[in-house]
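Report on the structure given below.
Numbering (my numbering), first residue to last: 82 to 602.
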């Protein structure tokens, strides 16, 4: 097996991989440094208060569920070391959310959004003033995206008779006529009872709707994804996939609506009591999928998809305070930690060079390769999934570097053991690796298992420690197998190493091996 190993090929693959990471890291217009966490670069703290009606009392279950959903939403921003805590209990409870770095207003608004999504049949539409009647151009089908702006236009006085029968009197029709969509409190959203009729407006205040009870609700949605249309035309949209029961409800609803005349062939997509889109239905939709479009920006589409994905809050929330946090203390602690880590690393390097000599140089080069790869991966993950480096993550990195150094020592000691048994250097390098790799993999597996358990069973800063520990353990495996082994094999076959100089670190004489025994083997 040993004679088939090609160290040069392994080194080339490793070097090409590093070059690829470098190119990816330093792409023009992208961030070239790791994202720093709240304790290192500061961030935003948001204090939220539950909003309850007079006479109602919050239960602990409601607060616990709210904390869980908010934590899922915050974690959806990436491995960002965000914290979600609660102070107090009952109606006086405060929910405190800390998010590293600069936080946009969209994120803050998303934290308090209740995200009650309902699909309601349209009873009547009022554009505010009589307009020429037109046929609907929007469509909703498995293969077509609905037009978010219905073209139905009916004079307001013609809308009253169809909705007179909602409650048996003219009250509902009067309220519909009296509603003013320019009022800010109408467009700010409200609790939407899916079992009741609703009078509301489109999100831009341009259209007024009278809506029937909901045919589908938010829990009928299985997943939500923001993106651009596959055809490349149109703006950002949110693609919904229904649950199995939700898909059946959606099929029944669109089958019924497609047989009606305009405007009753439309359904309104209502989020927190405000209409996002109201497409017309030309045919039944049986695939269990739908698209919400409505002139979204990229941030708005992603925020809506994330809120729908993680569910509705059981209670309303109000933002009490938004404040910025200074990174001064974290920077001081980071400097102290880096000084301590650098001093410890220097001692390790001195030990490796003194004890292993030429092999120690290989170990130092391997540590440098691992450090470079770790930095590049930190930057790439920061851009890709929002990975954020904090003090706990730095601690995880320092612990993982020790594990990396252990891998080199295990390999080197196996080689030296083989030489003490009288084997030549070439044989010792190959057989030493065969024995060492099992130990290296076992140790790294234990580290990965510990990191995975910590990550999934913990929250906050402990998750950052676990993620970094697991990540650098994977880097250790790549460096040990692709770089260290190849470099030892290549240099070990050089004439200087085979000559057995005391500076090689594997001199038979220095290891106490009888020269005649060594030559015999």
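By construction, the Cβ of each residue, glycine as well, lies at the ideal position given by its N, Cα and C atoms.
By a C-beta neighbour count over all protein chains shown, 10 Å radius and 16 as the cutoff for buried, is residue 328 buried or exposed? Within a 10 Å sphere around the beta-carbon of residue 328 sit 16 or more other beta-carbons, which makes this residue buried.
Nearest to residue 260 by alpha carbon, out of 384, 276 and 289? That would be 289, whose Cα lies nearest to the Cα of residue 260.
Should the segment 494 to 502 be regarded as contacting the segment 513 to 525, the criterion being three or more beta carbon pairs within less than 8 Å? The segment 494 to 502 makes contact with the segment 513 to 525; the number of CB pairs closer than 8 Å reaches 3 or more.
Please look up how many angstroms separate the CB atoms of residue 446 and residue 568, rounded, as I've assumed it's under 8 Å. Going by Cβ atoms, the distance from residue 446 to residue 568 rounds to 7 Å, so yes, they are a contact pair.
Measure the alpha-carbon distance for residue 383 versus residue 324 and round it to whole angstroms. Between residue 383 and residue 324, the C-alpha separation is close to 21 Å.
Determine the closest residue to residue 450 out of 562, 365 and 87, with distance taken between C-alpha atoms. Out of 562, 365 and 87, 562 has the C-alpha closest to the C-alpha of residue 450.
Could you give the distance in angstroms between the alpha-carbon of residue 348 and the alpha-carbon of residue 363? Between the alpha carbons of residue 348 and residue 363 lies a distance of about 11 Å.
From the DSSP output, in three-state form, read off residue 591 for me. Correct three-state label for residue 591: coil.
Closest by CA to residue 199, which one among 578, 585 and 279? With distances taken between CA atoms, residue 199 lies nearest to 279 out of 578, 585 and 279.
Considering only residues of the segment 358 to 399, which uninterrupted alpha helix (DSSP H) runs meet the minimum length of 4 residues and lie entirely inside it, listed in chain order? Those alpha helix (DSSP H) runs which fall completely within the segment 358 to 399 and span 4+ residues are 379 to 391.
Is the separation between the beta-carbon of residue 339 and that of residue 365 shorter than 7 Å? Yes, these two residues count as a Cβ contact at 7 Å.
For residue 423, count neighbouring Cβ atoms within 10 angstroms of its own Cβ and tell me buried if that reaches 16, exposed if not. It is exposed - the Cβ of residue 423 has fewer than 16 other Cβ atoms within 10 Å.
C-alpha distance - residue 545 paired with residue 273, whole-angstrom precision: Roughly 38 Å between the two C-alpha positions.
Proximal residues to residue 430 (C-beta, below 7 Å), its chain only, five neighbours per side dropped: Excluding its 5 nearest sequence neighbours in each direction, residue 430 has C-beta neighbours in its own chain below 7 Å: 445, listed in chain order.
Report yes if the C-beta distance between residue 414 and residue 472 is below 7 Å; otherwise report no. Yes; because the gap between Cβ atoms is below 7 Å, this pair is in contact.
In the DSSP assignment, the alpha helix (DSSP H) including residue 70 goes from what residue to what residue? An answer regarding residue 70 cannot be provided, because it is not within the stretch 82 to 602 covered by the chain.
Apart from the five residues on each side of it in sequence, which residues of its chain come closer than 7 Å, Cβ to Cβ, to residue 203? For residue 203, where only same-chain residues beyond five positions count, the Cβ hits under 7 Å are 290, 292, 344, 345, 347, 348, 349 and 359.
At the level of alpha carbons, what is the spacing between residue 148 and residue 167? Spanning the two alpha carbons is a distance of roughly 8 Å.
Please return the same chain residues whose Cβ sits closer than 6 Å to the Cβ of residue 321, not counting the five positions on each side in sequence. Correct list, in chain order: 302, 305 and 371.
Could you give the distance in angstroms between the alpha-carbon of residue 294 and the alpha-carbon of residue 334? The alpha-carbon atoms of residue 294 and residue 334 are separated by roughly 12 Å.
Do residue 437 and residue 593 come within 7 Å of each other at the CB atom, strictly closer than that value? Cβ distance not < 7 Å, so residue 593 and residue 437 don't count as in contact.
Comparing C-alpha positions only, which one of 459, 481, 352 and 400 sits nearest to residue 528? Checked all of 459, 481, 352 and 400; the closest Cα to residue 528 is 481.
Just confirm the distance between the C-beta atoms of residue 189 and residue 151, as a whole number of angstroms; I'd bet it's less than 8 Å. At roughly 12 Å, the Cβ-Cβ gap does not stay under 8 Å, so residue 189 and residue 151 are not in contact.
Classify residue 100 as buried or exposed, calling it buried when 16 or more other Cβ atoms lie within 10 Å of its own Cβ. So residue 100 counts as exposed.
By DSSP, does residue 285 sit in helix, in strand, or in coil? In the structure shown, residue 285 sits in coil (DSSP, three-state: anything other than H, G, I, E or B).
So is residue 287 buried or exposed if we call it buried at 16+ other beta carbons inside 10 Å? Counting Cβ neighbours within 10 Å, residue 287 comes out exposed, since fewer than 16 surround it.
Please return the same chain residues whose Cβ sits closer than 6 Å to the Cβ of residue 532, not counting the five positions on each side in sequence. The residues are 547, 550 and 551.
What is the rounded straight-line gap between the Cα of residue 506 and the Cα of residue 518? Residue 506 and residue 518: Cα-Cα distance of roughly 18 Å.
What's the call for residue 132, buried or exposed, on a 16-neighbour Cβ count within 10 Å? Flag for residue 132 reads exposed.
What are the start and end residues of the alpha helix (DSSP H) that includes residue 325? Looking at the DSSP string, the run of the alpha helix (DSSP H) that includes residue 325 is 325 to 338.
Between residue 467 and residue 206, what straight-line distance do the alpha-carbon atoms span, to the nearest angstrom? Straight-line Cα distance between these residues: approximately 43 Å.
Beta carbon of residue 486, beta carbon of residue 500: below 7 Å? It is not a contact, given that the beta carbons lie outside the stated cut-off.
Using C-beta distances below 7 Å, list every residue in its chain close to residue 172, excluding the 5 sequence neighbours before and after it, in chain order. Once the five neighbours on either side are set aside, the close Cβ partners of residue 172 are 131, 133, 138 and 139.
For residue 205, list the residues DSSP reports as bridge partners. 291, per the DSSP bridge assignment.
For residue 305, name the three-state secondary structure that DSSP assigns. Of the three classes helix, strand and coil, the one that applies to residue 305 here is strand, per DSSP.
Taking residue 462 as the reference, give the member of 86, 124 and 102 with the closest Cα. Comparing Cα-Cα distances from residue 462 to each of 86, 124 and 102, the minimum goes to 102.
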